[in-house]
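So the mapping is simple: this note's numbering equals the position in the sequence shown, first residue as 1, plus 1.
For every residue, glycine included, the Cβ atom is placed at its ideal position computed from N, Cα and C.
Predicted, not measured: the structure shown is a model, and the values here were computed from it.
What follows is a single structure, written as structure tokens, with notes after it.
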Amino acid sequence: MLDRSSNMKFACRVGDVAPSKPKIVQVGPMSIGIFELEGGYAAMLNVCPHRAGRLCEGPVCGTARATDRTEFIYDREGQIVRCAWHGWEFDIKSGTCLVDEMLRAKTFPVHVEDDQINVELAR
Ligand code: FES
Numbered sequence: 002m003l004d005r006s007s008n009m010k011f012a013c014r015v016g017d018v019a020p021s022k023p024k025i026v027q028v029g030p031m032s033i034g035i036f037e038l039e040g041g042y043a044a045m046l047n048v049c050p051h052r053a054g055r056l057c058e059g060p061v062c063g064t065a066r067a068t069d070r071t072e073f074i075y076d077r078e079g080q081i082v083r084c085a086w087h088g089w090e091f092d093i094k095s096g097t098c099l100v101d102e103m104l105r106a107k108t109f110p111v112h113v114e115d116d117q118i119n120v121e122l123a124r
């Protein structure tokens, strides 16, 4: 049961989200992507901090990571969303941009109750 005095808002049902296919929902005036991650769910504003592309509609993927040798490996599969507009990559859980940690996509705390996924909007 949602506390109506809180800023918790219903987003979607658990069955609406798949591991590599986020559900884009409208919560009030905001478009929000709901992602299924290993061990839970995450919510991210569907607006890229670069030039306002629809960030959550980009592919869920991993990223290239440098090793201590002179090579790169593909890592973090399923933890990254890549904006379809210019390819910037963001950590789904934290919203951190991988090439510039000072840049973040807006994320929201997620609470699951029974089969309902709720997002906590800022006060
Ligand atoms: S608008 Fe997202 S990378 Fe440019």
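Check                                                                                                                                                     : Outcome
Please check the pair glycine 34 and cysteine 57, which I expect to be a contact at CB under 8 Å, by giving their CB distance rounded to whole angstroms. : 3 Å
Taking the beta carbon of phenylalanine 91 as the centre, do at least 16 other beta carbons fall within 10 Å, making it buried, or is it exposed?         : buried
Would alanine 53 and threonine 108 qualify as a contact pair, given that the criterion is a beta-carbon distance under 8 Å?                               : no
State the DSSP-derived secondary structure class of cysteine 84, mapped to helix, strand or coil.                                                         : coil
Start and end of the beta strand (DSSP E) containing valine 48?                                                                                           : Taken as a continuous stretch (DSSP letters only), valine 48 belongs to no beta strand (DSSP E), as it is neither H nor E.
If we define contact as Cβ-Cβ less than 8 Å, is glutamine 80 a contact residue for chain D?                                                               : The chain labelled as chain D is not found in the depicted structure, where only one protein chain is given.
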